[in-house]
Amino acid sequence: MSEIQLDIRKGEIFFIMGGSGSGKSTLLKTLIGLIPAVSGSIYYGKEEFCIDDPRQTASILRETGVLYQGGALFSSMTLRENVALPLRIHTKLPEKDIRELAEYKLGLVELGTAMDKYPYEISGGMMKRAGLARALALDPRILFFDEPSAGLDPLTSRQLDETILELNRSLGTTIVIVSHELESIFTLANRAVFLNARTRRQTEVGDPKQMKTSSAHEEIRDFLNRRKPGGATVS
Numbered sequence: 000m001s002e003i004q005l006d007i008r009k010g011e012i013f014f015i016m017g018g019s020g021s022g023k024s025t026l027l028k029t030l031i032g033l034i035p036a037v038s039g040s041i042y043y044g045k046e047e048f049c050i051d052d053p054r055q056t057a058s059i060l061r062e063t064g065v066l067y068q069g070g071a072l073f074s075s076m077t078l079r080e081n082v083a084l085p086l087r088i089h090t091k092l093p094e095k096d097i098r099e100l101a102e103y104k105l106g107l108v109e110l111g112t113a114m115d116k117y118p119y120e121i122s123g124g125m126m127k128r129a130g131l132a133r134a135l136a137l138d139p140r141i142l143f144f145d146e147p148s149a150g151l152d153p154l155t156s157r158q159l160d161e162t163i164l165e166l167n168r169s170l171g172t173t174i175v176i177v178s179h180e181l182e183s184i185f186t187l188a189n190r191a192v193f194l195n196a197r198t199r200r201q202t203e204v205g206d207p208k209q210m211k212t213s214s215a216h217e218e219i220r221d222f223l224n225r226r227k228p229g230g231a232t233v234s
């Protein structure tokens with residue numbers, strides 16, 4: 000990635016969007032320390048994020064949660080046990096409190112009746128919501144999502160969008176989402192950055208609803224109107 004300069008505001012839903020190969024997931028992995036930045040700096044608030052300092056990195060990441068594409072649940076654990084795991088690792092809470100918190104987080108994503116099920120016993124949409132409950136386990140200030148609608152049917156995708164929007168409204172959590180799904184972008188985004196697949200650079204940051212009609216960049220208007228270069232609409 001090169002020439003990326005953006006700020007993500009507290010409490011907003013911010014999308015990283017662009018076509019395949021534009022570097023969306025690479026940018027996300029850089030933001031959460033899975034790969035190092037080639038150059039430049041990343042700040043969480045006023046604190047620079049430095050992956051060469053494990054203690055500082057752990058302190059910052061303790062206040063974030065990540066929902067991966069496949070949910071990344073442990074198949075040998077129930078949903079309750081999956082959500083409880085970060086609490087067991089990162090806190091000294093008694094087991095009773097951990098259990099109650101895990102159940103509360105599952106309730107937030109409407110999985111209170113499925114907490115004793117294993118991942119192989121639930122649908123793809125439920126797995127995404129269970130992964131979201133685990134991402135919420137430590138009450139993060141920032142949530143990161145990598146293609147949350149991937150593999151979901153349109154109805155389940157809309158239901159997940161509604162869950163994300165309600166969590167943002169009720170908890171005030173800052174949410175950063177990698178996605179190319181236009182319905183989710185227009186439903187959820189306060190602002191978004193567009194990454195150009197050819198140059199792998201940031202083209203524009205703004206409200207995608209405005210960018211759809213008013214962007215000075217043709218590739219952004221094409222993307223947000225689901226058009227191929229040249230004006231043909233993609234159904």
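For the sequence shown, numbering that gives the first Met the number 0 begins at 0 and goes up steadily by one. Ideal Cβ positions, reconstructed from N, Cα and C, are used throughout, including at glycine.
| Item | Value |
| --- | --- |
| T172 to D138 span [Cα, whole Å] | 9 Å |
| Collapsed DSSP secondary structure at Q209 in the structure displayed | helix |
| Inter-stretch contact (C-beta, 8 Å, three-pair minimum) for the region 25–43 and the region 102–114 | no |
| Residues bridged to Q201 (per DSSP) | L194 |
| Residues bridged to Q46 (per DSSP) | In the sequence under discussion, the amino acid at residue 46 is Glu, which differs from the Gln named in the question. BP columns for E46 point to Y43. |
| Sequence-distant residues of its chain with Cβ nearer than 7 Å to S24 (five each side left out) | D145, V177 |
| Contact belief for A188 with F48 at Cβ below 8 Å, rounded distance in angstroms | The Cβ separation is near 23 Å, so there is no contact. |
| Simplified DSSP assignment, three categories, for D145 | strand |
| R8 in three-state terms, based on DSSP | coil |
| DSSP state of L66 mapped onto helix, strand, coil | strand |
| Same chain only: Cβ atoms within 7 Å of L21, ignoring 5 sequence neighbours per side | Looking at the sequence itself, residue 21 is Ser, so the reference to Leu does not match. Here the set comprises L194, N195, A196, R199. |
| A101 to A136 span [Cα, whole Å] | 7 Å |
| Assigned exposure category for T63 - 16 Cβ within 10 Å defines buried | buried |
| Where the alpha helix (DSSP H) through I88 begins and ends | 78–89 |
| M16 beta carbon less than 8 Å from that of L72 | no |
| Length of the line joining the Cα atoms of S58 and D52 | 10 Å |
| The alpha helix (DSSP H) enclosing I121, as first and last residue numbers | No alpha helix (DSSP H) holds I121; DSSP gives it neither H nor E. |
| First and last residue of the uninterrupted alpha helix (DSSP H) at I219 | 217–223 |
| Selection from E99, D152, L84, L142 that minimises the alpha carbon distance to S122 | D152 |
| Coarse secondary structure for R61, derived from DSSP in three states | coil |
| Nonlocal neighbours in the same chain, by C-beta distance under 7 Å from A215, ignoring five residues either side | none |
| As assigned by DSSP and simplified to three states, the class of S19 | coil |
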